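Let me begin by presenting the structure, written as structure tokens, before commenting on it.
Chains as they are written, first to last, in the numbering used here: chain A, 1 to 115; chain B, 1 to 117.
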């Protein structure tokens, strides 16, 4: 079945660092990928829709300059948390579907901890 | 207004018993899709089952079945013969027709299921 790979699985870094998270579709092409943020014991909050070859569509309240998304190819989207601060600590997870109207496949997520 | 409502923050069930996880939704679209995902403590999201709004039969996938009551706007997940490995968070999600071109999903707040021996 369709597989989505996310890397790294865990990041611990100092405040002010920029962190890049990669999301890859391993066996299919994804024109659209999604980035979610999840706080402990909470639901998934959609941050943005990553569109291959064009700008990402951000949800209301998400700072586009803080969370940079690049979708340069049909198999790779990256989320960069710029100048990360402790309040950015969270679980970030990406998803993609191999066809429209099919269930999304999720990466394993990235636990980001900013000290 | 909440689009997806999961009223049970936590549920307990004994091994081998069946359990129902509730999900109600709110949409004005005639065409929509409903999904259930499982999230173990390790964090990955595992797709379980899908129900389309026009599907006449309730969806089933192995031990998972979806009790779809369209008039009540409910899509409850039934897990039969619970196993210890079923302990996890369970999320109900919806894709509305307006989002079919984008595949955007809206998630509920989740239900934590704990299966005990």
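All C-beta atoms, glycine included, are put in the ideal place defined by N, C-alpha and C.
Fair warning: this is a prediction, and the values are worked out from it, not measured in the lab.
Point to revise | 8 angstroms contact criterion, which residue 14 of chain B and residue 92 of chain B should meet: CB distance rounded | key: That pair is no contact at about 23 angstroms.
Check your understanding: Would the segment 63-79 of chain A and the segment 7-16 of chain A be scored as touching if the rule is three or more Cβ pairs under 8 angstroms?
Key -> no
Check your understanding: Since residue 23 of chain B is in the beta strand (DSSP E), which residue starts that stretch and which ends it?
Key -> It is not in any beta strand (DSSP E) - residue 23 of chain B carries neither H nor E in the DSSP assignment.
Exercise for review: Any chance you could list the beta strand (DSSP E) runs of at least 3 consecutive residues sitting entirely within the segment 4-85 of chain A, in chain order?
Suggested key: 4-7, 10-13, 19-25, 32-38, 44-51, 67-73, 76-81
Point to revise | Contact with chain B by residue 65 of chain A, beta-carbon distance below 8 angstroms | key: no
Check your understanding: Where does residue 108 of chain B sit, in a helix, a strand or coil, going by DSSP?
Key -> coil
Review point. Over what stretch of residues does the beta strand (DSSP E) that includes residue 51 of chain B continue unbroken?
Key: 46-52
Point to revise | Residue closest to residue 108 of chain A, alpha-carbon to alpha-carbon, out of A/38, A/31, A/84 | key: A/38
Check your understanding: Relative to the C-alpha of residue 91 of chain A, which residue among A/61, A/33, A/42, A/28 is closest?
Key -> Checking every option, the nearest Cα to that of residue 91 of chain A belongs to A/42.
Point to revise | Within-8 angstroms CB hit, residue 45 of chain B to chain A | key: yes
**Study point:** Three-way DSSP call (helix, strand, coil) for residue 96 of chain B in this model
**Key:** The three-state secondary structure of residue 96 of chain B, taken from DSSP, is strand.
**Study point:** residue 178 of chain A in three-state terms, based on DSSP
**Key:** Not covered by the structure: residue 178 of chain A. The range shown for chain A is 1 to 115.
Check your understanding: For residue 70 of chain B, which of B/31, B/105, B/60 has the nearest alpha-carbon?
Key -> B/31
Review point. What is the DSSP secondary structure of residue 87 of chain A, reduced to helix, strand or coil?
Key: helix
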